[in-house]
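Protein chains in written order, with UniProt numbering: chain A, 1 to 288; chain B, 1 to 442.
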């Protein structure tokens, strides 16, 4: 009874701020619910969904979400792992160095969007300026205004942002690998690469699985960098599902269409999680 | 220690629960007590929200409010300033969920929608008793009205004009452009991408339709129905004419040959910044940028000129604005009007217009020396030539006007990128307004 009464406030908050909006969102996905026309809210079945799937903007956002998650995650992981391996052995000034490396993780996505927006600016941006000075390019590149470059640019900013997260998590895992394993490997005459492949990676595999699973979901859901950098432009070429959903609300006032996108996102994530867990569970059973 | 902890947790929990419950019921009680019982000296708190938020403007409005509060000790004003980008949606949400709101900033582009939903109160009963209403100009009156009833008193008018680099033009021996074609030619000659210098401060991002609409209107010229400006005198949309296609092709050339490639994404901030930082040579903007241009640029390097005209020598212009309205479910309408009357008085409004950069709403104010010189002079000059600078009524009675900016921006960007042709875009825009018309007539 005592425990139960202690849980009530938390439970109420969770109900009010998580489950109610969640369920309401699902209901709204089946409604015509437009901010401009609130006196005309009604159920329209699956029409929001069929409208989404016949909208080329939605399909391109779906595809972009795939690129966005895959490339962001792959490079964040690779760079994060490299950094973590480099930072594993103690050296002078490691603490300070770590501080600098992890700094980007402490910034808000929106601010990162603003910073990179100026860096990518084709008239006064530092990236174009450097490339021009080095002589790599002759004409300024419209990183954010040229649709061929825009998706690359937002992913580059996102990689910069997320590397620190992987570095932190993987470094912690690396430091927990028992030293005896390496000693034993040394005695067997294993090379550095072999130790990485056969000792380090299998040992930290649970951390890798947990962090990539989590990160993929966060990256998929997070519109802040895109919102700050391009706002989905030019001509909608950098929209991912979550930024398109925001766009539908902020500029279109269409809560029904936005909720339908939200429900589709939940479905995608559910499928992804089932897939990921079944694949990694099988692998784990084989290794350990 | 453990014993202490054992009872602390449930005690805290109980305290929090009661606080939560009390919070809920407390709010309800407050709602009830607000119903005015006419006792004049009772303390009243007005909730007021602005839409066109910017730091300097908020400061100016707050100063006026403090003055008002000093003169009316029984009225307190709670002033809400949401960030500009989200303000209109915040206001909409507050109105839709019946949150307490007394005064709100209504915009020309959403007044029809608010009236449609019954969110705002007609003000005619109040203006009848207001002495200074006589000097409020015809334009601000029509900006704030829907179907003959006034729904907000504008706090100033916005009217676009041309800002240009006097020194750049002199350097190249060029004349100030008078038509859109000249603007393109001059812009092209000023452009030197190697020096990172461009002729025109293009705007392809939020608010892009400001330029494309202005060009298409100017090219249609005399054929435009001035009272229903998205349509011609024959009742077709302005996007369906051959002139619209010519205009749109020039619009594309203006972007390609005279503007920074990046500007396809630019909104207000970038567009103005590019001009003040010396990247672009010509800017079309409202008077609220006069302040920042004066501040950031050296005197003599820039000047203003009237808006460019179309091929038949006419430019269609429309003054716009936002202003103060009263929420329909406000419980303190009398007090709310008192504040609006104060803010809209010739003294306060003219001061505000000077400090922020707007055209004042009282005709008496244009007699002021301040508005007869410098960058404001062009605006007055334009008003004095109504045959060249023809005033039209913006299509704000269509509820879809609010979304038009977004629609035009997105399809406009794909046009600028060469993904869609001019005819295809015009067909989409034509369809949008035909649809608006049928919805309105329903």
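Even for Gly, the Cβ is constructed at its ideal location relative to N, Cα and C.
Cβ shell of residue 81 of chain A (< 6 Å), same chain only, five flanking positions each side left out:
170
Status (buried if at least 16 other CB within 10 Å, exposed otherwise) for residue 361 of chain B:
buried
Do the segment 75-86 of chain B and the segment 119-130 of chain B make contact, defined as three or more Cβ pairs closer than 8 Å?
no
If you reduce the DSSP assignment to three classes, tell me which class residue 79 of chain B lands in.
strand
By the DSSP assignment, the beta strand (DSSP E) with residue 198 of chain B in it spans what residues?
198-200
So, with DSSP's three-state summary, where would you put residue 23 of chain A?
helix
Rounded to whole angstroms, how far is the Cβ of residue 44 of chain A from the Cβ of residue 30 of chain A, which I believe are closer than 8 Å?
Confirmed, Cβ separation roughly 7 Å.
Three-pair Cβ contact test at 8 Å for the segment 369-383 of chain B versus the segment 286-302 of chain B
Inter-segment contact for the segment 369-383 of chain B and the segment 286-302 of chain B is present: three or more beta-carbon pairs are separated by less than 8 Å.
Short check: CB of residue 251 of chain B to CB of residue 220 of chain B, under 8 Å?
no
With a threshold of 8 Å between beta-carbons, can residue 227 of chain B be considered close to chain A, or not?
no
For chain B, is any of its Cβ atoms less than 8 Å away from the one on residue 51 of chain A?
no
Inter-residue spacing [alpha-carbon to alpha-carbon] between residue 406 of chain B and residue 26 of chain A:
26 Å
Please list, in chain order, the residues of the segment 27-38 of chain A that have any C-beta partner in chain B closer than 7 Å.
The segment 27-38 of chain A vs chain B, Cβ under 7 Å: 35, 36 and 38.
Under 7 Å from the C-beta of residue 196 of chain B: neighbouring residues of chain E
Annotation note: the requested chain E is absent from the structure, which comprises protein chains A and B.
Cut-off 6 Å between Cβ atoms - residues of its own chain near residue 77 of chain A, not counting five sequence neighbours on either side
166
Using 8 Å as the threshold, is the C-beta distance between residue 324 of chain B and residue 152 of chain B below it?
yes
Sequence-distant residues of the same chain with beta carbon closer than 7 Å to residue 328 of chain B, five excluded per side:
118, 119, 120 and 121
Would you verify that the beta carbon of residue 227 of chain A is, or is not, closer than 8 Å to some beta carbon of chain B?
no
If I measure Cβ to Cβ from residue 265 of chain A and keep anything under 6 Å in the same chain, skipping five residues before and after, which residues do I get?
241
Run the CB neighbour count on residue 110 of chain B, radius 10 Å, all protein chains shown included, and call it buried at 16 or more, exposed below.
buried
Between residue 235 of chain A and chain B, is any beta-carbon pair separated by less than 8 Å?
Yes, residue 235 of chain A lies at the interface with chain B (some Cβ there is under 8 Å from its Cβ).
Test item: CB-CB of residue 239 of chain B and residue 429 of chain B under 8 Å:
It is a contact, given that the beta carbons lie within the stated cut-off.
For residue 265 of chain B, which three-state DSSP category applies?
helix
Give the range of the beta strand (DSSP E) segment to which residue 50 of chain B is assigned.
Careful: residue 50 of chain B lies outside any beta strand (DSSP E) and carries neither H nor E.
To which residues of the same chain is residue 184 of chain B closer than 7 Å at the C-beta, ignoring the five residues directly before and after it?
250, 253, 254 and 258
Between the Cα of residue 436 of chain B and the Cα atoms of B:174, B:397 and B:420, which residue gives the shortest distance?
For the residues B:174, B:397 and B:420, the minimum Cα distance to residue 436 of chain B belongs to B:397.
Express the C-alpha separation of residue 332 of chain B and residue 39 of chain B in angstroms, rounding to a whole number.
Any reading at residue 39 of chain B must be qualified, since the residue scores a pLDDT of 45, below 50, and its modelled position is unreliable; no value is offered.
Can you find a C-beta in chain A that's less than 8 Å from the C-beta of residue 92 of chain B?
yes
Decide if the segment 52-71 of chain A is in contact with the segment 229-241 of chain A; the criterion is three or more beta carbon pairs, one per stretch, under 8 Å apart.
yes
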